[in-house]
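In what follows, a structure is listed as structure tokens, so that the remarks can point back to it.
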Amino acid sequence: MPAMVGYLNHWATAAPRYAEDNNEGTLNDLTILRMQSQKNDDGTFPDKTELLKEIESLRKQVELLSNRPPRIDTRDIIDNFFEWIKEVERISKLAHWSNELKLTNAISRLSGSAKNWQLTTGKNFNDWTVWKTAFASRFKRRITMQEFLAHQSERKMKHSETLVDYIYAKDALLEKALFTIPQQVRISMIIGDVTEEKWQIALAIQNSDTVEELIDRATSLDAIRSVK
1 MPAMVGYLNH
11 WATAAPRYAE
21 DNNEGTLNDL
31 TILRMQSQKN
41 DDGTFPDKTE
51 LLKEIESLRK
61 QVELLSNRPP
71 RIDTRDIIDN
81 FFEWIKEVER
91 ISKLAHWSNE
101 LKLTNAISRL
111 SGSAKNWQLT
121 TGKNFNDWTV
131 WKTAFASRFK
141 RRITMQEFLA
151 HQSERKMKHS
161 ETLVDYIYAK
171 DALLEKALFT
181 IPQQVRISMI
191 IGDVTEEKWQ
201 IALAIQNSDT
211 VEELIDRATS
221 LDAIRSVK
């Protein structure tokens with residue numbers, strides 16, 4: 001039993017370090033680490049049933065420790081602050097974080113002016129809801145239509161993309177606009193950035209009323225493109 005305690009103590013300290021240093025590690029890596037550590041001092045193995053239970057528990061711990069929000073860079077005014085918050089909320093739900101841990105992990109992912117804001121102002125907010133509201137009021141900015149149109153026009157259809165994949169991606173970008181874009185205008189913007197003229201024309205003559213209808217037409221055109 002002392003050997004078992006020693007083994008588990010080793011795992012308790014190794015698991016967090018493993019998660020931190022090997023964010024892209026796999027369960028195979030975890031198995032190798034386990035096999036390297038599981039022998040007792042006398043060369044024998046601990047009770048397998050108890051050992052497997054501990055390994056499963058520690059495996060979950062490693063997976064949770066590997067979860068963390070993406071960094072947020074407030075220099076990019078196009079990125080939606082609320083998307084970052086939703087990602088933090090999504091990860092926290094999977095990892096069963098408390099609000100206190102959620103706040104701590106979110107703060108750890110700040111950079112640039114956001115990090116400086118935290119050091120001077122954000123440090124005064126210890127509640128997750130209050131903190132994210134204050135953060136939003138400081139960094140959220142409504143972009144102008146000119147800024148948005150310039151940004152979305154950079155997203156053109158790639159040579160390797162299907163029409164359907166492109167339309168979904170372009171429509172998702174247009175959905176981020178802080179103003180309502182009518183369906184016909186949205187369709188025109190989507191078709192306008194199809195880079196091959198013959199497929200641009202083929203989509204335009206379909207007279208679609210909605211993006212969903214446009215996708216239906218694009219599915220048929222993709223079938224034709226695939227055999228050319």
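Sequential numbering from 1 applies to the sequence shown in full-length UniProt numbering.
In this text, a Cβ means the ideal position worked out from N, Cα and C, and glycines have one as well.
(1) From Phe125 to Leu173, what does the alpha carbon distance come to, in whole angstroms?
(2) Less than 8 Å separating the beta-carbons of Trp128 and Leu103?
(3) Spatial neighbours of Leu64 within its chain, please: CB distance less than 6 Å, with the 5 preceding and 5 following residues excluded, ordered by chain position.
(4) Can you list, in chain order, the residues of its chain with a C-beta nearer than 7 Å to that of Trp131? Leave out the 5 residues immediately preceding and following it.
(5) Taking DSSP as the reference, what is the three-state secondary structure of Leu110?
(6) Going by C-alpha distance, which of Phe81, Ile201, Ala218 is nearest Ile167?
(7) Give the range of the alpha helix (DSSP H) segment to which Glu212 is assigned.
(8) Looking only at its own chain, which residues have a Cβ that is under 8 Å from the Cβ of Asp73, when we skip the five neighbours before and after it?
(9) Anyone know if the C-beta pair for Asp193 and Met157 falls short of 8 Å?
(10) Near Gln206, what residues of its chain come up, given a Cβ to Cβ distance below 6 Å and the 5 sequence neighbours on each side ignored?
(11) Closer than 7 Å by C-beta to Phe179: which residues in its own chain qualify, once you throw out the five before and the five after it? Chain order, please.
Reading from the atomic positions:
(1) 33 Å
(2) yes
(3) Low per-residue confidence applies at Leu64: pLDDT is 48, beneath 50, and the placement is therefore not dependable, though the value from the model is reported in the following sentence. If we look at Leu64 and ignore the five residues flanking it on each side, its Cβ neighbours are Ala95.
(4) Leu103, Gly122, Phe125
(5) strand
(6) Ala218
(7) 211-226
(8) At Asp73, the pLDDT of 48 sits below 50, so the modelled position is not reliable; the number obtained from the coordinates is stated separately. If we look at Asp73 and ignore the five residues flanking it on each side, its Cβ neighbours are Asp79, Ser111, Gly112, Ala114.
(9) yes
(10) Arg217
(11) Met145
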